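Residue 1 is where the sequence shown starts when you use the UniProt record's numbering, and the numbers rise one by one after that.
Only one structure is covered here, and it is reproduced in the block below.
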Amino acid sequence: MVAIARFVNKQGQVIERFLAIEHVVDTSATSLKKTLDGLFARCGLSISRLRGQGYDGASNMKGQFNGLKALILNENPFAFYVHCFAHQLQLVVVSVAKSILAISDFFSYVTMIVNIVGASCKRRDALLQKHHDKIVEKLEKGEIFSGRGQHQETNLARPGDTRWGSHYTTLIRLFTMWESVLEVLENVCTDGNVAEQRGVASGLIQRMESFEFILILHLMIKILGLTNDLSNALQQKDQNIVNAMGLIVIVERTHARLERKWMGYIFTRSRASRGCK
Numbered sequence: 001m002v003a004i005a006r007f008v009n010k011q012g013q014v015i016e017r018f019l020a021i022e023h024v025v026d027t028s029a030t031s032l033k034k035t036l037d038g039l040f041a042r043c044g045l046s047i048s049r050l051r052g053q054g055y056d057g058a059s060n061m062k063g064q065f066n067g068l069k070a071l072i073l074n075e076n077p078f079a080f081y082v083h084c085f086a087h088q089l090q091l092v093v094v095s096v097a098k099s100i101l102a103i104s105d106f107f108s109y110v111t112m113i114v115n116i117v118g119a120s121c122k123r124r125d126a127l128l129q130k131h132h133d134k135i136v137e138k139l140e141k142g143e144i145f146s147g148r149g150q151h152q153e154t155n156l157a158r159p160g161d162t163r164w165g166s167h168y169t170t171l172i173r174l175f176t177m178w179e180s181v182l183e184v185l186e187n188v189c190t191d192g193n194v195a196e197q198r199g200v201a202s203g204l205i206q207r208m209e210s211f212e213f214i215l216i217l218h219l220m221i222k223i224l225g226l227t228n229d230l231s232n233a234l235q236q237k238d239q240n241i242v243n244a245m246g247l248i249v250i251v252e253r254t255h256a257r258l259e260r261k262w263m264g265y266i267f268t269r270s271r272a273s274r275g276c277k
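Shown next, in the form of C-alpha cells:
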C-alpha cells in the first residue's frame, strides 16, 4: 500500500509528500485501516485531523459500510472521500468500448496474446531478444534513429480495467513489437509442448493478421491516446477548471471528427470488399 499526504503549509501552499510503502498481506478494509493507523502513529499524525481521503474504485476501498472509506468516516466524519476521477475516466472509456461486441472480442484476443506470449520466462526472453534484434537491424539500416524513447520498457503489459492507461500501454507495445510477437507465436505453433497451446497460438496468428483486428488496433490506439493525454493534462498541478473544460471540449470535438473519418473509411472498405466478392 502506498500512502501520499496532501496538506496546506503555514504559507497557505498545497504540498504533497510521499509517506511510505507498506507491505500488506491481507488487503481487507480492516487490515488496511490497521496498517494506516500504524503509519499515522509513526509519522506523528492523527486521523482526527484528516480532511480528505482518495482511492480507486475497489470495493475494499470505497465500500459504503465496510470499506476503508467507511471505517475512516466512522472515526472522523470530516475526512471526505474523493474518487480518483482519472481512474473513473479509464473505467468509462473501457466500459463504453467493450459494450461493442467487436471491441470486446478484440480485447479478449489481446489478453490471450499477452498471456500466451508471457506464459514463461523463455518466451518473454525470446520476445525481448527478437525485439532487440529488430531495433538493432532498423538502426543499422537507418530506418530509425537512436535517442529518447528507444530504450523504454518493452514487455507486453496485461490490460486491466482498474489500472489507468494499461489498455493503451498494452496496445502501444503490441503495435511496436508486432513482428516479434508474431514470431514468438509461430515458435509456439512449431515447438510448443502442449497441443492445445499450439492450436491457440495458430488461431491468434490468424486473428492478428486479419483486417478487423488491425483496424480495431489502430482505432483504439487513437481513441485511448486522446483520453490518455487528457488524463495526464488533468492531473497537472497547475491545471485550472477553465483550461480543464477547454481540454475536454477539444477531446470531444476530436472524437467526433475521428468518428466521421473512420466511419467513412470503414464504409468505403466494406463496399470495396463486397464489390470484390
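Beta carbons: idealized from backbone N, C-alpha and C, even for Gly.
In this text, all values refer to a predicted model and were calculated from it rather than measured experimentally.
DSSP places A79 outside both helix and strand once states are collapsed to three, so it counts as coil. Taking one beta carbon from each stretch, the region 177–190 and the region 116–133 have 3 or more pairs nearer than 8 Å; the two touch. Between V24 and M1, the C-beta gap is smaller than 8 Å, which places the two residues in contact.
As the crow flies, the alpha-carbon of K10 is around 15 Å from that of R17. Contact fails between the region 63–82 and the region 104–124, because fewer than three Cβ pairs, one in each stretch, are under 8 Å apart. By the Cβ criterion, the region 218–230 is in contact with the region 240–260, since at least three pairs of Cβ atoms, one from each stretch, lie closer than 8 Å.
Within the same chain, Cβ atoms closer than 6 Å to the Cβ of A97 are found at I103, the five residues on either side in sequence being excluded. Of the other Cβ atoms in all chains shown, fewer than 16 fall within 10 Å of the Cβ of A256; this residue is therefore exposed. With a beta-carbon spacing of about 14 Å, V14 and G54 fall beyond the 8 Å limit used to define contacts.
For the pair V93 and R207, the Cα-to-Cα distance works out to about 24 Å. About 5 Å separates the Cβ atoms of N76 and S48, confirming a contact at the 8 Å cut-off.
The UniProt domain "DUF4371" (1–67) contains, as complete beta strand (DSSP E) runs of 3+ residues, the segments 2–8, 14–21 and 52–55 (chain order). The region 92–129 is shown to contain whole alpha helix (DSSP H) runs of 4 or more residues at 101–117, in chain order. Shortest Cα-Cα distance from I135 to any of A5, L258, A233 and T176 involves T176. Linking A29 to L39 through their CA atoms gives a straight-line distance of about 15 Å.
Boundaries of the alpha helix (DSSP H) around V184: W178 to D191.
Between L204 and I113 a beta carbon distance of about 5 Å is seen, short of the 8 Å cut, so the two are scored as contacting.
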